[in-house]
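Asker: First, the structure itself, so that you have it in front of you.
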Amino acid sequence: AAPAAQQQLSTAAGGAAARKGSIVQRLENAFQEGIDAAFPALAGQVGAIVQPCNNPKFGDYQCNNAMALHGRLKGQPDAPKNPRAVAEAILAALPETGMVAETSLAGPGFINIRIDSSWLAQHVTHMLRNGIATWAPLGYTGQKVVVDFSSPNVAKEMHVGHLRSTILGDVIARTLEFCGADVKRLNHIGDWGTQFGMLIQYMAEKREGGLNAATDEDVADLQVLYRAAKQRFDEEEDFKTRAREAVTELQSGRPEYLQAWQRICDASRREFQKIYDRLDVTLEERGESFYNPMLKPLVEDLMARGVAVESDGAKCVFVEGKDIPLIVQKSDGGFGYASTDMAAVKHRIDEEKADWIIYITDMGQSSHFDLVFAGAEKAGYLPKDRKVRIDHVGFGLVLGDDGKKFRSRSGDVVRLVELLDEAKRRIVDTVKERRPDATPEEVEEASRAMGYGAVKYADLKNHRTTNYRFSYDDMLSQQGNTAVYQLYAHARIASIVRKSGRDIAALCQTAEVKLVHEKEVALALTISQFSEAVESMLEELLPHRLTEYLYDLATVFNQFYTECQVVGSPEEDSRLLLCEATSLTMRACFQLLGIHVLYRI
Ligand code: ARG
Numbered sequence: 028a029a030p031a032a033q034q035q036l037s038t039a040a041g042g043a044a045a046r047k048g049s050i051v052q053r054l055e056n057a058f059q060e061g062i063d064a065a066f067p068a069l070a071g072q073v074g075a076i077v078q079p080c081n082n083p084k085f086g087d088y089q090c091n092n093a094m095a096l097h098g099r100l101k102g103q104p105d106a107p108k109n110p111r112a113v114a115e116a117i118l119a120a121l122p123e124t125g126m127v128a129e130t131s132l133a134g135p136g137f138i139n140i141r142i143d144s145s146w147l148a149q150h151v152t153h154m155l156r157n158g159i160a161t162w163a164p165l166g167y168t169g170q171k172v173v174v175d176f177s178s179p180n181v182a183k184e185m186h187v188g189h190l191r192s193t194i195l196g197d198v199i200a201r202t203l204e205f206c207g208a209d210v211k212r213l214n215h216i217g218d219w220g221t222q223f224g225m226l227i228q229y230m231a232e233k234r235e236g237g238l239n240a241a242t243d244e245d246v247a248d249l250q251v252l253y254r255a256a257k258q259r260f261d262e263e264e265d266f267k268t269r270a271r272e273a274v275t276e277l278q279s280g281r282p283e284y285l286q287a288w289q290r291i292c293d294a295s296r297r298e299f300q301k302i303y304d305r306l307d308v309t310l311e312e313r314g315e316s317f318y319n320p321m322l323k324p325l326v327e328d329l330m331a332r333g334v335a336v337e338s339d340g341a342k343c344v345f346v347e348g349k350d351i352p353l354i355v356q357k358s359d360g361g362f363g364y365a366s367t368d369m370a371a372v373k374h375r376i377d378e379e380k381a382d383w384i385i386y387i388t389d390m391g392q393s394s395h396f397d398l399v400f401a402g403a404e405k406a407g408y409l410p411k412d413r414k415v416r417i418d419h420v421g422f423g424l425v426l427g428d429d430g431k432k433f434r435s436r437s438g439d440v441v442r443l444v445e446l447l448d449e450a451k452r453r454i455v456d457t458v459k460e461r462r463p464d465a466t467p468e469e470v471e472e473a474s475r476a477m478g479y480g481a482v483k484y485a486d487l488k489n490h491r492t493t494n495y496r497f498s499y500d501d502m503l504s505q506q507g508n509t510a511v512y513q514l515y516a517h518a519r520i521a522s523i524v525r526k527s528g529r530d531i532a533a534l535c536q537t538a539e540v541k542l543v544h545e546k547e548v549a550l551a552l553t554i555s556q557f558s559e560a561v562e563s564m565l566e567e568l569l570p571h572r573l574t575e576y577l578y579d580l581a582t583v584f585n586q587f588y589t590e591c592q593v594v595g596s597p598e599e600d601s602r603l604l605l606c607e608a609t610s611l612t613m614r615a616c617f618q619l620l621g622i623h624v625l626y627r628i
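Each residue of the sequence shown is one higher than the one before, starting from 28 at the first, in the UniProt record's numbering.
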């Protein structure tokens with residue numbers, strides 16, 4: 028059974044008052060006070076800059092303000108003569124925090140900071156008693172965030188790009204939720220557009236009774252339907268014309284057309300759901316069709332206010348610095364991808380009251396989103412005063428072993444369900460080898476966690492903008508920075524705690540972490556840096572910051588465990604707490620990464 032500490036993996040909603048932020052945030056607050064007190068003339072103008080120390084030999088963190096401050100103070104009466112003198116003045120005015128053991132000056136005026144080990148010990152003890160949600164970075168609680176991700180297209184194959192979007196988006200959403208944000212996970216599926224004319228017309232002509240005779244069998248394999256319809260569309264001029272008419276029938280709401288459309292959407296939805304179930308991802312469907320009724324009034328409004336103008340028959344929003352305009356209505360009167368995205372921005376701000384909107388697609392769509400954001404700003408949908416943050420989170424390609432675009436052996440788009448299940452299938456033998464006593468249910472649970480987790484982790488561990496090679500062998504390796512390695516590392520630590528025979532939940536409430544050995548101090552510091560990992564991941568929306576942190580943590584734990592005996596040592600209590608804090612922090616990372624945790628493997 029899962030230890031009691033698992034309950035602590037809740038979210039930070041509502042608990043903001045009890046939280047004080049990461050070590051960096053706390054140090055920045057202290058240095059801010061010091062800077063403002065030492066140089067009151069500049070108060071409020073200079074933000075404290077604290078970051079992890081470039082060279083851990085000299086300190087854990089460093090403050091880098093002295094050089095720039097010296098430049099700004101030059102020429103003023105009583106200006107410090109050099110950056111080191113500025114640094115000394117800051118240190119003299121630094122408030123007492125209990126966090127800093129010692130400081131030293133380096134180079135032109137860097138301030139190195141060593142964190143006090145008894146403060147660290149207390150910090151970890153406090154987390155064990157109060158839950159890791161108390162370590163969630165500040166500033167996100169209560170924020171309304173729309174995360175637009177996954178967003179496959181109906182009746183077209185969901186491809187690896189959508190898989191990446193699903194995995195990345197889910198991690199961003201989970202992390203924001205952990206930090207207390209109010210997240211709306213929107214699936215902006217492509218469920219509207221001209222491709223439906225082709226599909227519906229094909230269905231209509233397939234049976235004698237036309238659309239009224241259509242059944243679910245006609246949409247059972249959407250890829251087959253799509254290919255067959257597309258072939259006729261490309262080859263037969265007459266069919267093309269009839270398909271265009273079908274679009275008009277659909278848009279005017281003719282019942283049997285709407286019904287056929289619904290049938291296709293339902294079939295797609297069932298396919299998508301198979302992926303979401305495997306990945307344990309939840310999404311709220313709000314496809315392009317949702318915005319359809321808003322498009323005509325939107326364009327009318329844009330034209331009336333002169334934001335959009337007519338150009339070559341199309342209605343366009345021209346934005347400064349862009350060569351091409353945003354087309355909000357095509358010359359044939361149709362609305363496209365961009366029209367819908369404009370309506371979506373407006374809706375998300377006006378109706379959803381979003382403080383932050385995040386879009387996750389491949390980088391190929393960067394210029395589309397640049398235009399939409401600029402257009403939305405010009406139209407006044409993105410208000411300058413009510414600060415709304417809007418981000419396009421772009422990502423690179425998934426490549427095959429040959430370094431080319433990822434394809435199945437037959438050259439087709441890879442079926443994602445098969446891709447995921449193959450990862451799971453390939454890990455089964457490893458699971459059985461490592462735990463011959465496991466029940467079939469346990470083998471199933473472990474291979475799901477490791478197989479699906481491996482696919483996610485392999486995707487997340489790369490900087491999202493790079494292209495990466497999809498390799499089952501690499502992602503399922505028990506060595507190195509993989510989900511399989513991390514899950515084993517966690518299970519091993521959990522088993523140290525379990526096999527001690529101690530009641531760890533009770534120990535967390537009564538015992539205290541004590542840090543004596545240097546590896547204990549290093550471990551406690553790394554555990555505490557969880558908050559910074561989460562913080563930096565959200566600042567730049569870079570999920571690999573979390574996997575990097577997790578890998579660091581496992582490495583630092585190994586160094587501790589090699590040198591420090593836990594069970595049976597005089598320091599057993601404190602060291603068991605360190606083990607528990609490590610595994611708890613790892614579980615928090617798994618929660619954010621969307622990887623199912625295993626306790627015994
Ligand atoms: N359906 C689109 C595609 O497959 C992605 C949609 C992304 N979201 C958006 N609001 N445009 O490329």
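Glycine included, each C-beta is placed from N, C-alpha and C at the ideal position.
1. Below 8 Å between beta carbons: does that hold for N494 and G423?
2. Decide if V251 is buried, meaning its Cβ has at least 16 other Cβ atoms within 10 Å, or exposed.
3. Check whether the region 302–316 and the region 187–197 are in contact - that is, three or more C-beta pairs closer than 8 Å.
4. Out of A516, L398, M185, state which residue places its alpha-carbon closest to the alpha-carbon of V346.
5. Which full runs of the alpha helix (DSSP H) of 4+ residues lie inside the region 87–162, going along the chain?
6. Are A371 and S295 touching if we call contact CB-CB under 8 Å?
7. By DSSP, does S295 sit in helix, in strand, or in coil?
8. Is the closest heavy atom of ligand 1 to the C-beta of D243 under 7 Å?
9. So what does DSSP say about C616, is it helix, strand or coil?
10. Where does the unbroken beta strand (DSSP E) through H419 begin, and where does it stop?
11. Could you check what DSSP says for V524 in three-state terms: helix, strand or coil?
12. Is the beta carbon of G478 less than 8 Å from the beta carbon of V198?
13. Cβ of T221 within 7 Å of any heavy atom in ligand 1?
14. Using DSSP's beta-bridge definition, name the partner residues of N214.
15. Going by the C-beta, is A371 closer than 7 Å to any heavy atom of ligand 1?
16. Just to confirm before moving on: does the CB-CB distance between G340 and S358 stay below 8 Å?
17. Taking the C-alpha atoms as reference points, what is the distance between V583 and Q300?
18. May I ask you to report which of helix, strand or coil DSSP gives V455?
19. Please classify A28: does DSSP put it in a helix, a strand, or coil?
20. Hey, would you say the C-beta of D418 is under 7 Å away from at least one heavy atom of ligand 1?
21. Measuring alpha carbon to alpha carbon, tell me which of R416, Y484, L446, V524 ends up nearest L565.
22. Does DSSP put C535 in a helix, a strand or coil?
23. Are the beta-carbon atoms belonging to V187 and F433 less than 8 Å from one another?
24. Kindly indicate which three-state DSSP category I385 falls into: helix, strand or coil?
25. From the DSSP output, read off the bridge partner residues of K171.
26. Is C606 near V524, with beta carbons less than 8 Å apart?
27. Buried or exposed for R413, going by 16 or more other Cβ atoms inside 10 Å?
28. Measuring alpha carbon to alpha carbon, tell me which residue in F362, Y499, Y578, K459 is nearest L426.
29. Within 8 Å of any Cβ in chain B, is that where the Cβ of P107 sits?
30. Given a cut-off of 8 Å on the beta-carbon distance, is the pair R156 and Q505 in contact?
31. Could you tell me whether any non-hydrogen atom of ligand 1 is closer than 7 Å to the CB of D368?
32. Tell me which residue opens and which closes the alpha helix (DSSP H) that P324 is part of.
33. Starting from V77, follow its DSSP beta bridges and name the residues at the other end.
34. Does the Cβ-Cβ distance between V172 and A133 come in under 8 Å?
35. Taking only three categories from DSSP, how would you classify C343?
36. CB of T388 to nearest heavy atom of ligand 1: below 7 Å?
Answerer: In brief:
1. Here residue 494 is taken as the residue at index 467 of the sequence shown, counted from 1. Here residue 423 is taken as the residue at index 396 of the sequence shown, counted from 1. Their beta carbons are under 8 Å apart, which means N494 touches G423 by this criterion.
2. Within the sequence shown, residue 251 is the residue found at index 224, counting from 1. Exposed, since its Cβ has fewer than 16 Cβ neighbours within 10 Å.
3. yes
4. Residue numbering aside, residue 346 sits at position 319 when the sequence shown is read from its first letter. Out of A516, L398, M185, L398 has the C-alpha closest to the C-alpha of V346.
5. 93–100, 110–120, 144–157
6. In the sequence shown, residue 371 corresponds to position 344, counting from 1. In the sequence shown, residue 295 corresponds to position 268, counting from 1. Not in contact: A371 and S295 (Cβ atoms no closer than 8 Å).
7. Within the sequence shown, residue 295 is the residue found at index 268, counting from 1. Three-state result, S295: helix.
8. As a position in the sequence shown, residue 243 is number 216, starting the count at 1. For ligand 1, not one heavy atom lies less than 7 Å from the Cβ of D243.
9. For this step, residue 616 is matched to residue 589 along the sequence shown. Helix.
10. By one-based count along the sequence shown, residue 419 stands at place 392. Segment 416–422, the beta strand (DSSP E) holding H419.
11. Locating residue 524 in the sequence shown gives position 497, counting from the first residue. The answer is helix: DSSP assigns V524 an H, G or I state.
12. Taking the sequence shown and counting its residues from 1, the one referred to as residue 478 is at position 451. Taking the sequence shown and counting its residues from 1, the one referred to as residue 198 is at position 171. No.
13. Your numbering for residue 221 matches position 194 in the sequence shown. No, the beta carbon of T221 sits no closer than 7 Å to any heavy atom of ligand 1.
14. Within the sequence shown, residue 214 is the residue found at index 187, counting from 1. Note: N214 sits in a beta bridge opposite E312.
15. Translated into the one-based positions of the sequence shown, residue 371 becomes position 344. Result yes, Cβ under 7 Å from ligand 1.
16. Working through the sequence shown from its first residue, we reach residue 340 at position 313. Working through the sequence shown from its first residue, we reach residue 358 at position 331. Against a cut-off of 8 Å, the Cβ pair of S358 and G340 comes out as a contact.
17. Residue 583 sits at position 556 when you count from the first residue of the sequence shown. Residue 300 sits at position 273 when you count from the first residue of the sequence shown. C-alpha separation (whole angstroms): 39 Å.
18. Counting from one through the sequence shown, the residue named residue 455 turns up at place 428. Helix at V455.
19. Stepping through the sequence shown from its first residue, residue 28 is reached at position 1. Unreliable placement is indicated for A28, whose pLDDT of 37 sits below 50; no coordinate value is reported for it.
20. In the sequence shown, the residue the question calls residue 418 occupies position 391. D418: no, Cβ never under 7 Å from ligand 1.
21. For the purposes of this step, residue 565 is taken as the residue at position 538 of the sequence shown. The shortest Cα separation from L565 among R416, Y484, L446, V524 belongs to R416.
22. Position 508 of the sequence shown holds residue 535. C535: helix per DSSP, three-state reduction.
23. Within the sequence shown, residue 187 is the residue found at index 160, counting from 1. Within the sequence shown, residue 433 is the residue found at index 406, counting from 1. Cβ distance < 8 Å, so V187 and F433 count as in contact.
24. Taking the first residue of the sequence shown as position 1, residue 385 is located at position 358. Strand.
25. Reading the sequence shown from its first residue, position 144 is the one you call residue 171. D209, per the DSSP bridge assignment.
26. Counting from one through the sequence shown, the residue named residue 606 turns up at place 579. Counting from one through the sequence shown, the residue named residue 524 turns up at place 497. Their beta carbons are under 8 Å apart, which means C606 touches V524 by this criterion.
27. Here residue 413 refers to the residue found at position 386 when the sequence shown is read from its first residue. By the 10 Å Cβ count, R413 comes out exposed.
28. Position 399 of the sequence shown, counting from 1, holds the residue named residue 426. Checked all of F362, Y499, Y578, K459; the closest Cα to L426 is Y499.
29. In summary, chain B is missing from the structure at hand, where a single protein chain is found.
30. Stepping through the sequence shown from its first residue, residue 156 is reached at position 129. Stepping through the sequence shown from its first residue, residue 505 is reached at position 478. The answer is no: Cβ separation not under 8 Å.
31. Locating residue 368 in the sequence shown gives position 341, where the first residue counts as 1. Yes - ligand 1 has a heavy atom lying nearer than 7 Å to the Cβ of D368.
32. On the sequence shown, position 297 is the one that residue 324 refers to. Segment 319–331, the alpha helix (DSSP H) holding P324.
33. The residue given as residue 77 occupies position 50 in the sequence shown. Beta-bridge pairing links V77 to C90.
34. Looking up residue 172 in the sequence shown gives position 145. Looking up residue 133 in the sequence shown gives position 106. No, these two residues do not count as a Cβ contact at 8 Å.
35. Locating residue 343 in the sequence shown gives position 316, counting from the first residue. The answer is strand: DSSP assigns C343 an E or B state.
36. What you label residue 388 is simply residue 361 of the sequence shown in a count that begins at 1. Correct: T388 has its Cβ closer than 7 Å to ligand 1.
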